[in-house]
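Protein chains in written order, with the working numbering: chain A, 14 to 219; chain B, 14 to 219.
By construction, the Cβ of each residue, glycine as well, lies at the ideal position given by its N, Cα and C atoms.
Take a look at the structure set out below.
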DNA sequence: TTCTGTTTAATTGTGAACAATATTGCAATT
DNA sequence: AATTGCAATATTGTTCACAATTAAACAGAA
């Protein structure tokens, strides 16, 4: 999001909430999103709801048919995902490179917290929560980058891969695999070696 | 834009107009965009203006400071452009590949028309117009692709390169160069050979 | 003068009513 | 029974009025 300083306004909160519900699959594909229903649910007027939906439409999370309403967008085609995955790898690598030298202990603490939550999500097989945490981890890397507009690009890409997340989690035999992978990533970050860190991050994106 | 069928609504028209004015440099960097002023100019209320500005903000054309208004976003950093150029090449190649087999005479006619306009723009040294036509040419390729959401990604990338256009046009000795390059691209498309066509398209993106 | 705090104005954020458009259901007709 | 036309409903698109927030102007004291 191209906001210079993010003050908490209603529509932004709604965007983040709806985005996560779509990514995690709590809101199924094709489900219509009515402005009045959402307005009642979030206890606000239609205006902030409209803004939120418009933004999600631009991100690719929902589809808009003029005068006919929004609905949760269907998953991207296989070929589309094959296009987007390397794009996402490139963007996140770039983000990591731009922040790597200035990583502080506070950054690592933030990630350690996420890792703990990820561990419990793995243990309880809470795939929706796991998806959310995975997204948040990668998002945090992009968010730390001082490059303006990188986040907008990243969000637009990730929304096309949202199905990829859930699908990827449910197949592996070892349900802790996702957790271990991210532990390895953070550990590699701590070594201070850029190239292997980028490699670890990239290999996690597929 | 993720609209399934594009009916002409006001905010969309405003988006396209403002986007072109920013890309072509008619609206200078840092210039504030006030909702009421724009509402008066376009003879509409603030709501469609707000929607247009929000969309442009997500595309990276304008920056938004909450409760403080929008302004034309400054150009991307050099490193950012170096990131985005190959991304754009990848996206447009993908788009071309997805439409190449079904190109019709109508498509070529559309391009020929653009080429003619491009020629006169080159002859009259109208760099703003030339920028607009260049964008429209590449945009048309992405637009023809049936892949949903490709346009959103493309727009987000191009907005980061908008300075690149104007700068690239004003330097070459031969002012017709831009025209010739696009003529060559379309001619290559007509041969029906995919790989060289993609190469021609890519080489034009730098 | 320079700094600080307060007031004032400008601007965005939100709410609510109205208009325009698309969808749905129903009836009349073939 | 299937189809077409029409009315009723639901939904979005737009306008206007108001609240909340921010930035600027200004006065007063060190």
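Annotation for residue 181(B): the continuous alpha helix (DSSP H) segment containing it runs 175-183. Counting along the chain, residue 76(A) sits inside the beta strand (DSSP E) bounded by residues 75-78. The three-state secondary structure of residue 46(A), taken from DSSP, is strand.
DSSP links residue 82(A) through a beta bridge to 78(A). Using a Cβ-Cβ cut-off of 8 Å, residue 90(B) counts as an interface residue toward chain A, since at least one Cβ of chain A sits closer than that to its own.
Scanning chain B for C-beta atoms nearer than 7 Å to the C-beta of residue 173(A) yields 162, reported in chain order. Contact annotation for residue 64(B) against chain A: 63, 64 and 67 [CB-CB distance below 9 Å, chain order]. Collapsing the DSSP output to three states places residue 90(A) in coil.
Here the C-alpha atom of residue 114(A) lies approximately 34 Å from the C-alpha atom of residue 180(A). In summary, the residues of the region 69-80 of chain A whose CB is separated from some CB of chain B by less than 8 Å are 70, 71, 72, 73, 75, 76, 77, 78, 79 and 80, in the order they occur in the chain. Neighbours of residue 107(B) across chain A, judged by C-beta separation under 7 Å: 96. 8 Å or more divides the Cβ of residue 199(A) from the Cβ of residue 107(A). Non-local beta-carbon contacts of residue 65(A) in its own chain, meaning distances under 6 Å to residues more than five positions away in sequence, involve 24, 27 and 28 in chain order.
Each of 186(A), 111(A), 126(A) and 178(A) was checked against the Cα of residue 92(B), and the nearest Cα belongs to 111(A). By the C-beta density criterion, residue 140(B) is buried, having at least 16 other C-beta atoms within 10 angstroms. Under the Cβ distance rule, residue 207(A) does not count among the residues neighbouring chain B, no pair being separated by less than 8 Å. Taking every protein chain shown into account, the CB of residue 137(A) has fewer than 16 other CB atoms within 10 angstroms, so this residue is exposed. Fewer than three beta-carbon pairs drawn from the region 125-134 of chain B and the region 46-53 of chain A are found closer than 8 Å, and the two stretches are therefore not classed as touching. Nothing from the region 26-48 of chain A brings a Cβ to less than 9 Å from some Cβ of chain B.
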